[in-house]
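A.B. asks:
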Amino acid sequence: MKVSQNWLKKYIDFNLTPEQFTEKLSMLGLEVEAFEDLAKKFDKFVVGEVIERAKHPNADRLSVCKVRTGKNVEQIVCGAPNVAAGQKVAVALIGAVVPYNQHARDGKPFTIEHVKIRGVESSGMICSEIELGIGKDASGILVLDTPAKAGTPLAKYLGQNDVIYEIGITPNRPDCLSHIGTAREIGVLVNKKIRLPKIVLKEIKTSASKFAGIEILDKDKCPRYSARIIRNIKIGPSPKWLQDVLTAVGVRPINNIVDVTNYVLMETGHPLHAFDYDKLAGHKVVIKTAGEGDKFVTLDGKERTLTSDTLMVCDGERPVAIAGVMGGANTEISDATVNVLLESAYFKPQNIRRTSKYLGLSTEASYRFERGADIDITVTAADRAAQMIQELAGGEILKGVLDAYPKKRKPVTVKAHAERINSVIGVSLSKAQIISLLKKIDLLSRSISKNEILVTVPAFRNDIMEEIDIIEEVARIYGYNNIETKTHAAIDFSSNVRNDEFQNGIREFLIGSGFNEILTIGLQDEATMSLAGKKPVMAVNPVSAEMAALRTSLVTSALKVVKHNQNHGVKDLRLFEIGNIHLLTSEKALNSLESYKEEERLLLVISGNRQPACYGNISQPVDVLDIKGEVSVLLSKFCLDNYSFIYYDTHEILSEECVGIEINGTYAGFFGKIKKQIADKLDIDEAVFVCEINIETLRGGWVRDRKFSPLPKFPIVTRDLAFTVDVTLPQRNVEDVIREAGKPLCMNVVLFDTYTGEQTGKDKKSVAYDLEFQSPDHTLTEEEVDSVLKKIIEAVNERCKGVLRG
Amino acid sequence: MLENINQTKQEFTNELQNTHDLQQLEQLRIKFLARSGRIGGLFEGMKTAAPADRPMLGKALNELRQYAQLHYDAKKADLEQAQKPKEIPFDLTLPGRMKNVGTKHPVIQVMEEIKRIFISMGFSVENGPEIESDYYNFEALNFAPDHPARDMQDTIFIADKILLRTHTSPVQIRVMEKQKPPVRAIMPGWSYRNEAVSARSLVAFHQVEGLYVDKGVTFSELKGTLVAFAKQFYGSSIKYRFRPSYFPFTEPSAEMDITCYLCGGKGCRICKYSGWLEVLGSGMVHPHVFKAVGYDPENYTGYAFGMGIERTALLRYGIDDIRILYENDVRFLKQF
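In the order they appear, the protein sequences are chains A and L. Take the first sequence: its position 490, counted from the start at 1, is 490 in the working numbering, and no numbers get skipped. Take the second sequence: its position 218, counted from the start at 1, is 1024 in the working numbering, and no numbers get skipped.
Below, the structure written as structure tokens:
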């Protein structure tokens, strides 16, 4: 909300620099987000009086003027055709920065210097409207009103000696959405009470009640409706001062009637609406809800569709305004308006908010009504506006306020305990101190027992309903920074301090393995997401189509990262992400949280060359054994041997090179190469290998507590064996048979070579293994090892049709 | 005889000095050191010497032979060394064999540091779901239906009353529902807002929420804890202030500002020329929140706080566009 310093000063005296104002008001909870010192723009601009005008000796179109600018008289060369002696003009003195250069194409501001123009000295410039940035007229200089005194700062003359503050008002403080409300808070800072504007009404004898009636049909949504009628007004533009103050706080001037309602809104915070009385059929006002699907044209010319929840202000025949949101085109004030009905009502906040949300229409009025207006102020606001209308537009104020107020608001009182106040804030204030702090913001309270006070809450503070609200006010007025900074929290040994050391462990391990951690946002476009095969959870009101689907896998977002990096020439990638995915478990019960499943997953991505490009490193592209190796070391590190691989041949995302991972017998994820069709869709040329694992399952296999096993005391005997087997036989089958047959002395089996060629024939392959034998209790003899080898060879022969190679 | 020995030594020495290659040296060896050489000849001559002189002569001869052998060996070693082809020294300026270097995402680094500080203060770490109900995200946190406070957090909906959490605060409710006081936990995680993507805001971001509920927890203690955190995280010399604010689930509510550490409080672009940076929101848990989870507000008080991680990371690393955090450009990631 924008507030004007000059305007505020009508209600409270204060003398604060913009910086002090910003600091102090912010510390009171009204965050001053920015300020603009309007006078700065007109630094070194004054009102000047042209004493003498003579023709320039060397140029026909120029004049040489003597201009009084206060105590001094300056000689100024002027090119404007309309300059004349006796005029009051706007003068830019030496050093002034002229906001707009009307003689330059780009119009850039320029600084006034002492110059010679065609041989004649000139110490300043007489400005046009456009040069001052206050209008569009470039035809000549701006001629000011004659009473203006030479030497007066131009800012003051233009009413621009103001500071405009932008204040962020939190939703709980609608009372501060006005100059009076803000002034009340400033009163706390300067320890003064505000002056409310004096309202003196000159009513005529004719009673308003003879001219209109008010009927509230929905008393819940409209607890109060007040109105005044002013007759025989004269519509016209508002005076300059009113246009200026409204413009300064961001309100566009329209005509004297509408401007007055806006002025009173900005002054008191109470929204008003002026109807053209003669257009109100039957001269009555009825407040009721609309029919479902009814249409209504608001004064912005748009047709709106209403619901049975929309509260409408109607006349005898038809709706004339969407209550609290916007008036209708049918009863809008026009140049022909003569009689005015001025509405000053109080509508139920929740209803106004629903309507404003539903219509997608937020106005100054709806913004205040939905936060809560002041129900006690409707008549005052109407009176204030009526008084101003009469001052500015003439007319007769009919006697009396029409005021439908079926259920008068009961005064709100709140009990507060001094002890409780002190114990929440951590201070030790006496009851008397509390009472005096509250008094500063018009919360009057009295002691009702040794420890209790009773606070009477004015209607404008609709946010104060219970003790904790009083506690907040006490803390706020006492000053947050005056509250001591303490820590005395007892250490609580009973609670189990959990943390996510497992994820951290995974992270550190992968960083050690040379992976770069990525983080991607869990929202994607549906098309990319559907590449992963599952129907994603969708947002009903996405920010954009690109972020409409919740990911069902970390793979697709990571592929976009791969693409981004490849586009920037980074092709060797080792990435990992730990993130959540969401699955829809039931499409029927979308309104139940149980239909959504969140899973934390780990993703590995490798692509490009195995090793960084560098002298001594051979550049070789990664293949599926690289990702398998990374997965294997990770799993062995955390889960020891609690995992196994399942070899698939089809997968949604992966090509035939795909492997499933089981941890303790539970499916945990997969790894392999991204399918070509998917890579093509994302425009990725390089082969990409990924692994995705469910973190919870991984954690389930985590062997956190390790047990020491004694180191073997007796030497290892190593032997090599090579077999020729069918070329399609997975080596794993041979390896498993060797392990099985070699038990218990064969401790380790390592494949070191596979070969297909002349010596084997193309249907066969050779697989060669290093075998290690060891006994826990003695040194093995040759005979012992040989007898195990014999068993192994027989088993491979029998079960894998493997022939020992010579 | 003795004279002869000395002369031989002199000759050997002279000739050795004039020897410049192995061939000459071999000739020298034959001339002097071989069995039939000059020194051998002198030993032969001993036989004819007077017996009384023999010990003395023998000693002199032995010394000569040792002298000659020693100098011959040294010369030979020198000449061999000189003749050897010169060994090329290893070029240690060759680059080492490089490994892939892993990095932790900057947002995670900031998050982990924040967690570490609060864990050291006795806070546990709790988690909650990102898809939330209106109840946990708003209602239980004292956001009344149709209250404008809801406009503070533009929401992405999944279905009626089902949404992407707009803050990590719903985890407060979940933690209090399953645990009796005292509760002291931080709750990190992703949050989502329906806001246009710009250099300053993203649809999704991380928050860390904090909660402490016990008997006798005061606003003063909230200040103490958060100041202790800020001094550890931002440096012990920072200045701070607590400014009244509004969150429906806390009352009194406060924003914590610290002096802008980029300009030292003088005012710069980052702090919007105010000299202050808003680093977190906080307040005393609202009694309505306690009622929602079945805590007795007469018995317990507590504080809660929350901060955005991305913003903190931007400030810490001097990044001016939040979007780069989630482009995951490896050239960016490797800087951290």
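For every residue, glycine included, the Cβ atom is placed at its ideal position computed from N, Cα and C. Fair warning: this is a prediction, and the values are worked out from it, not measured in the lab.
1. Note down, in chain order, each residue of its chain lying with its Cβ closer than 8 Å to the Cβ of T718(A), except the 5 sequence neighbours on either side.
2. Using a Cβ cut-off of 8 Å (strictly closer), state whether S430(A) contacts chain L.
3. Identify whether C314(A) lies in helix, strand or coil by the three-state DSSP scheme.
4. Can you give the beta carbon distance from I518(A) to L898(L), rounded, assuming they're within the 8 Å contact cut?
5. Run down chain L in chain order and give the residues with a C-beta less than 7 Å from the C-beta of A475(A).
6. What separation, rounded to the nearest whole angstrom, lies between the Cα atoms of Q87(A) and P109(A)?
7. Using a Cβ-Cβ cutoff of less than 8 Å, which residues in the same chain neighbour K762(A) once the five nearest sequence positions on both sides are dropped?
8. Strictly under 8 Å for the Cβ-Cβ distance: is V188(A) near chain L by that measure?
9. Mapping DSSP to helix, strand and coil, what is H778(A)?
10. Helix or strand or just coil, what does DSSP make of I194(A)?
11. So, do the segment 952-967 of chain L and the segment 905-919 of chain L have three or more beta carbon pairs nearer to each other than 8 Å?
12. Ignoring anything shorter than 3 residues or poking outside the segment 375-433 of chain A, list the beta strand (DSSP E) runs there in chain order.
13. Can you tell which of K676(A), R507(A) and S553(A) has the C-alpha that lies nearest to the C-alpha of M529(A)?
14. DSSP three-state label for K295(A), please.
15. Nearest to S26(A) by alpha carbon, out of K676(A), V414(A), L189(A) and I130(A)?
16. Flag K535(A) as yes if its beta-carbon sits less than 8 Å from any beta-carbon of chain L, otherwise no.
17. Grab the span of the alpha helix (DSSP H) containing T22(A) for me, first residue to last.
18. Using the beta-carbon of each residue, which ones in chain A are nearer than 9 Å to N1000(L)?
19. What does D463(A) pair with, by DSSP beta-bridge criteria?
20. Restricting to runs no shorter than 3 residues, where is the beta strand (DSSP E) found entirely within the segment 1023-1097 of chain L?
21. Who are the Cβ neighbours of R956(L) in its own chain at under 6 Å, not counting the five residues just before and after it?
22. Under 8 Å Cβ-Cβ, which residues of chain A neighbour R1049(L)?
23. So if DSSP puts S344(A) in a beta bridge, which residue, or which two residues, is it bridged to?
24. Nearest by alpha-carbon distance to D786(A): which of L721(A), L751(A) and V767(A) is it?
25. Below 7 Å CB to CB, which residues in the same chain sit around S1080(L) once its five sequence neighbours on both sides are set aside?
26. Count the other C-beta atoms from every protein chain shown that fall within 10 angstroms of the C-beta of P1093(L), then say buried if there are 16 or more, exposed otherwise.
27. Please confirm whether D469(A) has its beta-carbon closer than 8 Å to some beta-carbon of chain L.
28. Can you tell which of Q677(A), S128(A) and D403(A) has its C-alpha closest to the C-alpha of S226(A)?
29. Looking at the unbroken alpha helix (DSSP H) that takes in M917(L), where does it start and where does it end?
30. Can you list, in chain order, the residues of the segment 261-282 of chain A whose Cβ is nearer than 7 Å to any Cβ on chain L?
31. Taking the alpha carbon of L575(A) as the reference point, which residue from C691(A), T17(A) and K534(A) has its own alpha carbon closest?
32. Which chain L residues are close to S308(A), counting only those with a beta carbon under 9 Å from its beta carbon?
33. Determine the DSSP secondary structure at F509(A), reduced to helix, strand or coil.
34. Buried or exposed for I1128(L), going by 16 or more other Cβ atoms inside 10 Å?
35. Can you give me the Cβ contacts of P542(A) inside the same chain, cut-off strictly under 7 Å, excluding the 5 residues immediately before and after it?
36. Got a sec: which bits of the segment 576-597 of chain A sit with their beta carbon under 7 Å from any beta carbon on chain D, in order along the chain?
C.D. replies: Once the coordinates are examined:
1. Walking along the first sequence from the start, residue 718(A) turns up at place 718. Taken in chain order, the residues that qualify are D770, L771, E772 and F773.
2. Sequence index remark: in the first sequence, residue 430(A) carries index 430 (1-based). Output row for S430(A): interface = no.
3. Start at 1 with the first residue of the first sequence, and residue 314(A) comes out as number 314. Three-state DSSP puts C314(A) in a strand.
4. Locating residue 518(A) in the first sequence gives position 518, counting from the first residue. Locating residue 898(L) in the second sequence gives position 92, counting from the first residue. Contact flag wrong, Cβ pair sits at about 36 Å.
5. The sequence position of residue 475(A) within the first sequence is 475, counting from 1. Within 7 Å Cβ-Cβ: F1025 and P1058.
6. Taking the first residue of the first sequence as 1, we reach residue 87(A) at position 87. Taking the first residue of the first sequence as 1, we reach residue 109(A) at position 109. About 25 Å.
7. As a first step, residue 762(A) must be located in the first sequence, where it is residue number 762. Scanning its chain for C-beta atoms nearer than 8 Å, with the 5 sequence neighbours on each side dropped, one finds around K762(A) the residues V727 and T756, in chain order.
8. For the purposes of this step, residue 188(A) is taken as the residue at position 188 of the first sequence. It does not: the Cβ of V188(A) has no partner Cβ on chain L nearer than 8 Å.
9. As a first step, residue 778(A) must be located in the first sequence, where it is residue number 778. Note: H778(A) maps to coil in three-state DSSP.
10. Reading the first sequence from its first residue, position 194 is the one you call residue 194(A). Of the three classes helix, strand and coil, the one that applies to I194(A) here is coil, per DSSP.
11. no
12. 396-399, 402-404 and 412-417
13. As a first step, residue 529(A) must be located in the first sequence, where it is residue number 529. Comparing Cα-Cα distances from M529(A) to each of K676(A), R507(A) and S553(A), the minimum goes to S553(A).
14. For this step, residue 295(A) is matched to residue 295 along the first sequence. Residue state, collapsed to three classes: strand.
15. Taking the first sequence and counting its residues from 1, the one referred to as residue 26(A) is at position 26. Selected option, being the one with the closest Cα: L189(A).
16. Here the question's residue 535(A) lines up with position 535 in the first sequence. No, K535(A) lies away from the interface with chain L (no Cβ there is under 8 Å from its Cβ).
17. Position 22 of the first sequence, counted from the first residue, corresponds to residue 22(A). Taken as a continuous stretch (DSSP letters only), the alpha helix (DSSP H) holding T22(A) covers P18 to M27.
18. Along the second sequence, read from residue 1 onward, the residue named residue 1000(L) stands at position 194. Neighbours of N1000(L) on chain A, chain order: A539, N541, P542 and V543.
19. On the first sequence, residue 463(A) is found 463 positions in, with the first residue counted as 1. DSSP lists no partner for D463(A).
20. 1046-1053, 1056-1065 and 1082-1091
21. In the second sequence, counting from the first residue as 1, residue 956(L) sits at position 150. If we look at R956(L) and ignore the five residues flanking it on each side, its Cβ neighbours are F949.
22. In the second sequence, residue 1049(L) corresponds to position 243, counting from 1. Within 8 Å Cβ-Cβ: S26, M27, G29, E31 and Y480.
23. Looking up residue 344(A) in the first sequence gives position 344. In the DSSP output, where bridge partners are listed per residue, S344(A) has S226(A).
24. Against the first sequence, residue 786(A) aligns to sequence position 786. When L721(A), L751(A) and V767(A) are compared, the shortest CA-CA separation from D786(A) is found for L721(A).
25. Residue 1080(L) sits at position 274 when you count from the first residue of the second sequence. In chain order, G1073 place their CB closer than 7 Å to the CB of S1080(L), counting only its own chain and leaving out the 5 sequence neighbours on each side.
26. Mapped onto the second sequence, residue 1093(L) falls at position 287. That one is buried.
27. As a first step, residue 469(A) must be located in the first sequence, where it is residue number 469. Judged by the 8 Å Cβ criterion, D469(A) is in contact with chain L.
28. Start at 1 with the first residue of the first sequence, and residue 226(A) comes out as number 226. Comparing Cα positions, the closest option is D403(A).
29. What you label residue 917(L) is simply residue 111 of the second sequence in a count that begins at 1. Segment P912 to S926, the alpha helix (DSSP H) holding M917(L).
30. none
31. Sequence index remark: in the first sequence, residue 575(A) carries index 575 (1-based). Of C691(A), T17(A) and K534(A), the residue nearest in Cα terms is C691(A).
32. Start at 1 with the first residue of the first sequence, and residue 308(A) comes out as number 308. Chain L residues near S308(A): none, gap ~16 Å exceeds 9 Å.
33. On the first sequence, residue 509(A) is found 509 positions in, with the first residue counted as 1. F509(A) falls in the helix class under three-state DSSP.
34. Counting from one through the second sequence, the residue named residue 1128(L) turns up at place 322. That one is buried.
35. As a working mapping, residue 542(A) is identified with position 542 in the first sequence. The answer, listed in chain order, is A548.
36. No chain D is part of this structure, whose protein chains are labelled A and L.
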